[in-house]
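Residues in the sequence shown are numbered from 15 upward in steps of one, following my numbering.
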Amino acid sequence: MRRSAALLPLLLVSGCLVGPDYERAPPASAVAPQYKEAELPPGAASLFRPAQPSDGVDRGQWWRVYGDPTLDSLAAQVDVSNQNLKIFEANYRRARALIRQDQSVLYPSISGTGAAQQTGTGGQRGTGTSATSTVTRYDSTVGQFSTGGTLTWEIDLWGTLRRQVESDSAAAQASDADLANARLSAQTDLVTNYASLRISDDRKRLYEATVAAYLRSMQIAQNQVDAGIVSRVDLVQAQTQYEQTRAQLVNESINRALLEHAIALLVGKAPSEVTIEPATTRLTVPTVDSGVPSTLLERRPDIASAERQMAAANAQVGVAKGAYYPQISLGATIGFLSGGLGSLLQLGTAAWSVGPQIAGTLVDGGGIAAQVQGARASYDATVATYRQTILTAFQQVEDALAQQRILVQQEQVQRAAVAAAREAERLSLNQYRVGTVPYTTVVQTQAAALSAEQALLTIRLNRLVASANLVKALGGGWRQEDLPPPVPIGGLKQANPAPPAFPPPAGQTTAAPRQ
């Protein structure tokens, strides 16, 4: 026992970690100093911030930038009641439990046993007091008591167990990032669906106003027919246009109901529990500042998840390599066996054993080598996934930036088109009253005006969706004070940095509002 105890510190001191130490793989391409679609402050060529991990930064209630109290109350319920988030949260807790389970293997395991048993034998003696014999039976019983304990300890000489803990720790961090990504996706979906619902309310009001206008046009056509100025064809055309618009109004009610049901699901409730009263759209369309590309690698939870999965796969290479080396464990047992409880724990009733054990694979036909190759292939796959996630993130940001910038211009042009279409509708209806144009001209101008109004609402919805998608692409809301100050490239001074796009919360007057 003394020799084994003296050997144990030597084994622990000489322990090592097999397999490669983790080093974060670089992105597939160099990170540009600026986004292609971003608009820089006047006089700035490019700005760069030194990278600092910030994927754990509280992203805050970023949906408040839309200025709608109903949306605020709904979004607050996502993190509490959304069942998909509960799945990710449970997966994260399970991953953390797995870490503790693997860490327990690094420490000795002690188990104990105890037993009490009564054994007996039967015997007989003949007395000859009957025609044959008189049999007197007696029983002999013996008590037996035992107790003992066993200590087992697998010595992590090669670091295989520690590599497994390292892998599980990285996997738990990836699970935490998956939870953050699921939360951000659910919040974005809620904002998108709510914006669609409010635009649907606007579209219904447009159809209702158009139906009322078409009803007046139909009455004008009826008066013209009654006066014998035009044929009944004009009246039928007016009635057709009127009924078609009424059908569009009914169909929009279906669309709104489906959107309301989708919102109920996102807040974790049955559709019957959620009723959103129609209202005029109060959503403001914010202009989101994209920051600089280097911060994207720090803030997006899906990139953080992919990077942690890469670290977990790297540790698994070490776990696979550990199979090349023998497993060394220390075992000790002690047991006491006695016929009585009083003498059970006396030294004379004890039996013990202690000593190290070694076990290893001598010939396996290349199985371990294949496991190592498979682990390396899995790591290479996670590297490719990590890099593809980064490329996809940059694409999503560039797409959203382009939409944010171009949709503003499109809305301005479309507003001019709506004004022209409404003027053409007014002129054609006046000319029809005096009989200078056929009713087909009125029909065409009215249809063009309605189409222009619908297009304008669609553009506004696209702007709202693009802003939400940009927030999601950038990793959620964030605060500028959580980021390091900008560092100019090539000595460029940022004398007048661009003002933040989002207004500060109520009562906050600093120049670092939540984004």
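Positions of the beta carbon are idealized from the N, C-alpha and C atoms, including for glycine.
Beta-carbon proximity of residue i to residue j, cut-off 8 Å
i	j	result
Leu211	Ile277	yes
Ala435	Tyr393	no
Thr375	Gln323	no
Tyr80	Leu297	yes
Ala196	Asn98	yes
Leu358	Phe159	yes
Thr399	Ala334	no
Val411	Tyr49	yes
Val45	Pro307	yes
Leu88	Leu272	no
Leu280	Ala200	yes
Pro315	Gly489	yes
Thr206	Ala482	yes
Leu175	Ala346	no
Arg401	Pro41	yes
Arg477	Val299	yes
Glu439	Ala469	no
Thr224	Thr259	yes
Val264	Glu274	no
Ala318	Ala414	no
Gly162	Gly349	yes
Ser95	Gly282	yes
Ala416	Ile382	no
Ala325	Tyr36	yes
Thr363	Leu351	yes
Buried/exposed call for residue i, threshold 16 Cβ in 10 Å
i	result
Gln423	exposed
Cys30	exposed
Arg429	exposed
Gln187	buried
Leu213	According to the sequence displayed, residue 213 carries Ile and not Leu. By the neighbour-count rule (16 or more Cβ atoms within 10 Å), Ile213 is buried.
Gly173	buried
Gln115	exposed
Ser18	Its pLDDT being 47, under 50, Ser18 is placed unreliably in this model, and the coordinates cannot settle the point.
Thr127	exposed
Thr254	exposed
Pro292	exposed
Val32	buried
Asp378	exposed
Asp69	At Asp69 the pLDDT is 45, less than 50, meaning the model places this residue with poor confidence and gives no usable figure here.
Arg528	No answer about Arg528 holds up, because its pLDDT of 31 lies below 50 and its placement is not dependable.
Gln66	With a pLDDT of 41 at Gln66, under the threshold of 50, the predicted position of this residue should be treated as unreliable, though the coordinate-derived value follows. Exposed, because fewer than 16 other Cβ atoms sit within 10 Å of the Cβ of Gln66.
Glu437	exposed
Thr403	buried
Ala284	exposed
Gly388	exposed
Ser286	exposed
Trp76	buried
Residue interval of the alpha helix (DSSP H) (run including residue i)
i	result
Ser367	Careful: Ser367 lies outside any alpha helix (DSSP H), inside the beta strand (DSSP E) at Ala364 to Ala373.
Ile404	Gly381 to Arg447
Ala271	Arg246 to Leu280
Ala109	Gln97 to Ser118
Thr309	Pro307 to Arg313
Glu222	Thr174 to Asp240
Leu358	Premise fails: Leu358 is in no alpha helix (DSSP H) and is neither H nor E.
Gln48	It is not in any alpha helix (DSSP H) - Gln48 carries neither H nor E in the DSSP assignment.
Glu467	Tyr453 to Ala487
8 Å contact criterion, which residue i and residue j should meet: CB distance rounded
i	j	result
Gly218	Glu257	Correcting the residue type first, residue 218 is Lys in the shown sequence and not Gly. That pair is no contact at about 17 Å.
Asp216	Leu471	6 Å
Ala431	Ala466	5 Å
Ala252	Tyr228	7 Å
Glu425	Arg390	Actually they are not in contact, since the Cβ atoms of Glu425 and Arg390 sit about 52 Å apart, beyond 8 Å.
Glu51	Arg419	6 Å
Gly449	Ile243	6 Å
Range of the contiguous beta strand (DSSP E) that encloses residue i
i	result
Gln341	Gln341 to Ser352
Residue i at chain D interface by Cβ criterion, 8 Å
i	result
Asp316	In summary, chain D is missing from the structure at hand, where a single protein chain is found.
Below 8 Å, can you find three or more Cβ-Cβ pairs linking the stretch 366-385 to the stretch 325-342?
yes
Does the stretch 183-198 come into contact with the stretch 229-241, if we say contact requires no fewer than three beta-carbon pairs (one atom in each stretch) closer than 8 Å?
Here the stretch 183-198 makes no contact with the stretch 229-241; the two share fewer than three CB pairs at distances below 8 Å.
Does the stretch 105-123 come within contact of the stretch 168-179, defined as at least 3 CB pairs closer than 8 Å?
yes
If we count Cβ pairs, one from each stretch, closer than 8 Å, do we get three or more for the stretch 241-256 versus the stretch 447-457?
These segments touch.
Check whether the stretch 83-94 and the stretch 198-212 are in contact - that is, three or more C-beta pairs closer than 8 Å.
The stretch 83-94 vs the stretch 198-212: in contact.
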